[in-house]
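Numbering (this note's numbering), first residue to last: 10 to 332. The C-beta atom is built at its ideal place from N, Cα and C for all residues, glycine as well. Here's the structure, in structure tokens; my notes come after.
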Ligand SMILES: [Fe+2]
Ligand SMILES: [Fe+2]
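Okay, here's the thing in structure tokens:
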């Protein structure tokens, strides 16, 4: 298996992690840093990636390097505080999920744009951004399994079973996404576009990894998972329409229209319902997971649409310049 290459640094923190991984130098102290900026988000992403597939030339043992874990904890503290600061909080899980179900009639997100008048280069950019997550689709959520019990566990595993192709490797959602990248002439190898993904995209994936890797954040992970499933079905429908309009096979998205309508129900009723029945004190964490997802996705969408509206690439380097 080809492991991804380490990307270029984006500041002192990410440079420090790369030196630690490459030369065994001590991981730097974090101090104060922009918790949502490129440097911190890349540094955190690199730390988390050690728990997924790692990097070429970096020993698998570094996953449990105490110095890197210490640094990761400092980065997480800043990121988590920023997310708490940007979200309203509360403990009304039903209300916060209902809000997500109501789509404003005049909503204008990335998927609306790609459905109606997006161009092929914009579809390619969007797929490059999303590859940071979808090539490991559903992996961060699998970490929740040992932290749940009973019906919540069984139901979350049922959703994960679908995400992982129901036992068929060629139907794994990550594989369907890789197939879409191939059709678009993009590099579908894992981690190929880490170099060009902005902080706004890395933060979405870092949030999932943080929620997944901390048992104390299991409520937030489940809230995040539900929020993602609720918002995916309508946006997948728009994406499928956009791809069809542009003559691209929409299978990855059509697969998500029906599946996620079901997943949403299972997450809401069986996973969250049962978890809160067992552990009612987790309601505020579930709400936080929903709100953090909504806020980070909104921030990512604004970046992409804003750049496109001014005729610019939404990536750190435009896709056409990559090869
Ligand atoms: Fe999926
Ligand atoms: Fe799903």
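Mind the definition here: the region 173-184 touches the region 219-229 only if three or more C-beta pairs lie below 8 Å; say whether that holds.
These segments do not touch.
I'd like the list of long-range same chain contacts for residue 5, defined as Cβ closer than 7 Å, with 5 residues on each side in sequence excluded.
Missing from the structure shown is residue 5; the chain here goes from 10 to 332 and no further.
Residue 13 and residue 58 - do their beta-carbons sit closer together than 9 Å?
Working through the chain shown from its first residue, we reach residue 58 at position 49. Working through the chain shown from its first residue, we reach residue 13 at position 4. Yes, Cβ-Cβ distance for residue 58 and residue 13 is below 9 Å.
Confirm the yes/no value for this check: CB of residue 263, any heavy atom of ligand 2, distance under 8 Å.
Here residue 263 corresponds to residue number 254 of the chain shown, with the count starting at 1. It does not: the Cβ of residue 263 is nowhere closer than 8 Å to a heavy atom of ligand 2.
Confirm the yes/no value for this check: CB of residue 7, any heavy atom of ligand 1, distance under 8 Å.
With the chain running from 10 to 332 in the structure shown, residue 7 is simply not present.
Apart from the five residues on each side of it in sequence, which residues of its chain come closer than 6 Å, Cβ to Cβ, to residue 204?
Within the chain shown, the letter at position 195 stands for residue 204. Counting only Cβ-Cβ distances below 6 Å, and skipping sequence neighbours, we find 16.
Endpoints, the alpha helix (DSSP H) within which residue 319 is located
To locate residue 319, count along the chain shown from 1; it is residue 310. Element bounds for residue 319: n/a, residue is neither H nor E.
Give me the Cβ distance between residue 54 and residue 214, rounded to the nearest whole Å; I'm assuming they're in contact under 8 Å.
Here residue 54 refers to the residue found at position 45 of the chain shown. Here residue 214 refers to the residue found at position 205 of the chain shown. Right, the Cβ-Cβ distance comes to about 7 Å (below 8 Å), so this counts as a contact.
If you compare alpha carbons, which of 216, 224, 191 is closest to residue 44?
Here residue 44 corresponds to residue number 35 of the chain shown, with the count starting at 1. Nearest of 216, 224, 191 to residue 44, Cα basis: 216.
Please confirm if the region 231-246 is in contact with the region 297-312, defined as three or more CB-CB distances below 8 Å between the two stretches.
These segments touch.
Do you know how far the Cα of residue 270 is from the Cα of residue 167?
In the chain shown, the residue the question calls residue 167 occupies position 158. In the chain shown, the residue the question calls residue 270 occupies position 261. About 14 Å.
Which one of 193, 235, 220, 265 has the shortest CA to CA distance from residue 108?
As a first step, residue 108 must be located in the chain shown, where it is residue number 99. Its Cα nearest to that of residue 108, the residue 235 stands out among 193, 235, 220, 265.
Please report the Cβ distance between residue 102 and residue 285, rounded to the nearest whole angstrom; I am assuming they are in contact, meaning their Cβ atoms lie under 8 Å.
Mapped onto the chain shown, residue 102 falls at position 93. Mapped onto the chain shown, residue 285 falls at position 276. The Cβ separation is near 7 Å, so the contact holds.
For residue 142, I'd like the list of residues in its chain whose CB is within less than 6 Å of its CB, leaving aside the five on either flank, ordered along the chain.
Here residue 142 corresponds to residue number 133 of the chain shown, with the count starting at 1. Cβ neighbours of residue 142 beyond the five flanking positions: 214.
Measuring only the C-alpha atoms, how far is residue 123 from residue 255?
Against the chain shown, residue 123 aligns to sequence position 114. Against the chain shown, residue 255 aligns to sequence position 246. Distance between the alpha carbons of residue 123 and residue 255: 10 Å.
Rounded separation between residue 314 and residue 119 - CA only:
Within the chain shown, residue 314 is the residue found at index 305, counting from 1. Within the chain shown, residue 119 is the residue found at index 110, counting from 1. Using only the alpha carbons, I get a separation of about 6 Å.
Grab the span of the alpha helix (DSSP H) containing residue 218 for me, first residue to last.
For this step, residue 218 is matched to residue 209 along the chain shown. That run of the alpha helix (DSSP H) goes 208-222.
With a threshold of 16 other CB atoms inside 10 Å of the CB of residue 171, please say whether the residue is buried or exposed.
For this step, residue 171 is matched to residue 162 along the chain shown. Burial call: buried.
Chain C beta carbons: is any one of them nearer than 9 Å to that of residue 327?
Any reference to chain C falls outside this structure, which holds one protein chain only.
Starting from residue 88, trace the alpha helix (DSSP H) both ways and give me its first and last residue.
Translated into positions along the chain shown, residue 88 becomes position 79. First-last of the alpha helix (DSSP H) with residue 88: 75-95.
When DSSP labels each residue in this structure, what does residue 44 get in the three-state scheme?
The residue given as residue 44 occupies position 35 in the chain shown. Per DSSP, reduced to three states, the secondary structure at residue 44 is coil, with no helix or strand assignment.
Is residue 201 helix, strand or coil when you go by DSSP?
For the purposes of this step, residue 201 is taken as residue 192 along the chain shown, with counting starting at 1. Three-state DSSP puts residue 201 in coil, outside helix and strand.
Residue 47 versus residue 164: straight-line alpha-carbon distance, rounded
Sequence index remark: in the chain shown, residue 47 carries index 38 (1-based). Sequence index remark: in the chain shown, residue 164 carries index 155 (1-based). Spanning the alpha carbons of residue 47 and residue 164 requires a straight line of approximately 36 Å.
Beta-carbon proximity list for residue 221, same chain, < 7 Å, skipping 5 on both sides
Position 212 of the chain shown, counted from the start, is the residue given in the question as residue 221. Correct list, in chain order: 149, 150, 152, 153, 230.
Are the CB atoms of residue 128 and residue 186 within a distance shorter than 9 Å?
Along the chain shown, one-based indexing puts residue 186 at 177. Along the chain shown, one-based indexing puts residue 128 at 119. The Cβ atoms of residue 186 and residue 128 do not sit closer than 9 Å to each other.
Can you list every residue whose CB sits closer than 5 Å to some heavy atom of ligand 1, going in chain order?
172, 182
To the nearest angstrom, report how far apart residue 184 and residue 64 are at their CA atoms.
Here residue 184 corresponds to residue number 175 of the chain shown, with the count starting at 1. Here residue 64 corresponds to residue number 55 of the chain shown, with the count starting at 1. One C-alpha to the other measures close to 20 Å.
Proximity of residue 29 and residue 35 at Cβ, strictly below 9 Å
Within the chain shown, the letter at position 20 stands for residue 29. Within the chain shown, the letter at position 26 stands for residue 35. In this structure, residue 35 lies closer than 9 Å to residue 29 by Cβ.
In chain order, which continuous runs of the alpha helix (DSSP H) of length 4 or greater are located wholly inside the region 221-296?
227-254, 260-274, 282-287
So is residue 292 buried or exposed if we call it buried at 16+ other beta carbons inside 10 Å?
The residue labelled residue 292 in the question sits at position 283 within the chain shown. With 16 or more Cβ atoms within 10 Å of its Cβ, residue 292 is classed as buried.
Work out the CA separation of residue 38 and residue 24 for me, nearest whole Å.
Position 15 of the chain shown, counted from the start, is the residue given in the question as residue 24. Position 29 of the chain shown, counted from the start, is the residue given in the question as residue 38. Answer to the nearest angstrom: the Cα atoms are 12 Å apart.
Note down the Cα distance separating residue 140 from residue 158, rounded to an integer number of angstroms.
The count along the chain shown starts at 1 and reaches residue 140 at position 131. The count along the chain shown starts at 1 and reaches residue 158 at position 149. Each residue's alpha carbon lies about 31 Å from the other.
If you measure from the CB of residue 272, is any heavy atom of ligand 2 nearer than 8 Å?
In the chain shown, the residue the question calls residue 272 occupies position 263. Checking the Cβ of residue 272 against ligand 2 gives yes.
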